[in-house]
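*Asks:* Sharing a structure here in structure tokens format.
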Amino acid sequence: MPLQFGCTARRSLARVLQRTAANAQRSPTALSLLQNTTGATRHYASVPLSNIPGLKLPDDYVPPTQPPSAKKPDQRKAQLLRSYTSMLRSVPLVLFFQHNSLSATEWAAIRRELRAALAAVPPPAPGPDGKVVDISLAIELQVLRTRIFDVAFRIVEFFDAEAETDKSNVYTHDLSATAYKAHKNAVIDENSAYGQIRALFSGPLAAVTIPLVSPVHLEAVLKVLAPSQPNFPPPPRKKNPGYYDPIAQSGLQKLLLIGGRVESRVFDPAGVMWVGGIKGGLDGLRGQLVNMLQNAGLGLTSALEGNSKSLWLALESRRTQLDEEANGGKKAEEETPTP
Amino acid sequence: MITRFITEVKTKFNPFSTSSRAARLFLNYLPPNARKSGMQITTQVLPRSATGPSLLYVKFKDGKEMDLDCEKLGIKGIIEEVDRHSRALQKQADLADG
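As they're listed, the protein sequences go chains P and L. Here my numbering is used: the first residue of the first sequence is 460, the next is one more, and so on. Here my numbering is used: the first residue of the second sequence is 955, the next is one more, and so on.
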């Protein structure tokens, strides 16, 4: 293996030398164009080797002193950190569980029951374009590497890649030195999301990630993983005998809901259950809102109408009164001269 | 940690407070088959607004009860305390067996 790496390193170095030579011969405009390609959208996990303007190493350059890792890409810590940051940025609803020495068979049983419960959730109504977005298959229960997840959370909270883009020759990906400095030197406010949640990030941690804030799915997850009476009863024994399997039950006893993160706000178990208890999900909430607005509209129109109506009524009654008086006066005038 | 002689563990903690760390880690030190082998484990997760100290209560086979202060001892101190009594029980059990 080391021989191979040596070969690739040598080959890539040769390629680099060729390219830099070619770059040097090009016109200054071409150089500036090349420089401009290092924009905000580029995120590569490589180290900027040279600070000389115009001289830029290609992105596939492998430094001879740093051969590529022999570890599988999906098992590298760097990759894990990147997957956690992307998860934290994209997933709005995460539940955190403490798992106390669960065995592999228990995990398998719990995941099986979770799948079954999520499959039983009715698919949502099709959207305006007629497509049905079913998130049940994307909901996952995963064990987190607590320390790396902690760092990933800090990077997501305290590192703003957009603010660094105007600085020259600075990489702004999550593994960069800039990101490291930003999260290392961050002053942690106790009221920030990280300040509130960081106490959870110790010991064994598992997370359920739900890619949409869907109270229906959250309810199904809670009923399986953290059942509580009366709002989240466990699935009935007759319909789900697998849930009452001793292996699954012993696994569930060791799983402990300790908190959650909903739309980058931190919730305790009671708060998570409150979110899961929203009846009818997002559509139900929308229905409630529409209903409320309609009622408010009705009240508003009647309130606005009321004044003018009462004014009209008062004027009208005054007019009839005046008419009557005028008529009465006439009558009285008519009557008075007669005697 | 020697867990053979523990019959009951009761914990109560607010996971959002740093003092809960030792209690949570203690739960992790219990073996996978702890409940099956007759240990009673009850855990109560307090709401986030709770400010009281974390509670960790351990009862042994010989009836000895321990109320451990999670904040002061830390997880290492807790394990040391529990093991100190467990070792005495282990010694007695070994003598009785031999």
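Every residue, glycine too, gets a C-beta built ideally from N, C-alpha and C. Source: prediction; values computed, not measured.
#1: Along the chain, where does the beta strand (DSSP E) containing L:D1021 start, and where does it finish?
#2: What residues match up with P:H558 in a beta bridge as DSSP calls it?
#3: When DSSP labels each residue in this structure, what does P:L684 get in the three-state scheme?
#4: How many Å lie between P:L600 and P:P512 at the Cα?
#5: In chain L, which residues lie with their C-beta within 8 Å of the C-beta of P:N559?
#6: Of all Cβ atoms in chain L, is any one closer than 9 Å to the Cβ of P:A707?
#7: Buried or exposed: which applies to P:P705, given that a residue is buried once 16 or more other Cβ atoms fall within 10 Å of its Cβ?
#8: In this structure, how does DSSP classify L:V1012 when only helix, strand and coil are distinguished?
#9: From the beta carbon of P:G718, is the nearest beta carbon of chain L less than 9 Å away?
#10: Please confirm whether L:D1037 has its beta-carbon closer than 9 Å to some beta-carbon of chain P.
#11: Quick check on the burial criterion: 16 or more other C-beta atoms within 10 angstroms. Buried or exposed for L:Q994?
#12: Cβ atoms of P:V725 and P:A652: under 9 Å apart, would you say?
#13: Closer than 7 Å, Cβ to any Cβ of chain L: which residues of the segment 718-736 of chain P, in chain order?
#14: Do P:A579 and P:A679 come within 9 Å of each other at the CB atom, strictly closer than that value?
#15: What's the C-alpha gap between L:P969 and P:R657?
#16: Which residues, in chain order, does the segment 982-1016 of chain L contribute to contact with chain P at a C-beta distance below 7 Å?
#17: Among residues of its own chain, excluding the 5 on either side of L:D1051, which ones have a beta-carbon nearer than 8 Å to its beta-carbon?
#18: Return the first residue and the last residue of the beta strand (DSSP E) that P:L603 is part of.
#19: What in chain L is Cβ-close to P:A658, meaning under 8 Å?
#20: Going by DSSP in three states, L:I1029 sits in which element: helix, strand or coil?
#21: Return the Cβ separation of L:K1026 and L:L1000 in integer angstroms, given the expectation that the two are a contact with Cβ distance under 8 Å.
#22: Which of the three DSSP states, helix, strand or coil, is assigned to P:F618?
#23: Would you report the Cα separation of L:L984 and P:D742, rounded to the nearest angstrom?
#24: Please report the distance separating the alpha-carbon of P:A483 from that of P:D518.
#25: Whose C-alpha, out of P:M546, P:L514, P:F556, is nearest the C-alpha of P:D727?
#26: In whole angstroms, what separates the C-alpha of P:S709 from that of P:E565?
#27: Between which residues of its own chain and P:F660 is the CB-CB distance below 6 Å, once the five residues before and five after are set aside?
*Replies:* Looking at the coordinates:
#1: First-last of the beta strand (DSSP E) with L:D1021: 1019-1023.
#2: P:L714
#3: helix
#4: 47 Å
#5: L981, N982, L984
#6: No, no contact with chain L.
#7: exposed
#8: The answer is strand: DSSP assigns L:V1012 an E or B state.
#9: yes
#10: Not closer than 9 Å to any Cβ of chain P, the Cβ of L:D1037 fails to qualify, so no.
#11: exposed
#12: When the beta-carbon positions are compared, P:A652 and P:V725 come within less than 9 Å of each other.
#13: G718, D727, P728, A729
#14: yes
#15: 10 Å
#16: N982, L984, P985, P986, R989, K990, T997, V999, P1001, R1002
#17: none
#18: 599-603
#19: P969, F970, S971, T972, S974, R975
#20: In this structure, L:I1029 counts as helix in the three-state DSSP scheme.
#21: No, L:K1026 and L:L1000 are not in contact; Cβ-Cβ is about 19 Å, not under 8 Å.
#22: coil
#23: 44 Å
#24: Any reading at P:A483 needs caution, since the residue's pLDDT is 47, under 50, leaving its predicted position unreliable; the model's value is listed next. Rounded to whole angstroms, P:A483 to P:D518 spans 18 Å at the Cα level.
#25: P:F556
#26: Annotation: P:S709 to P:E565 spans about 7 Å, alpha carbon to alpha carbon.
#27: T605, D609
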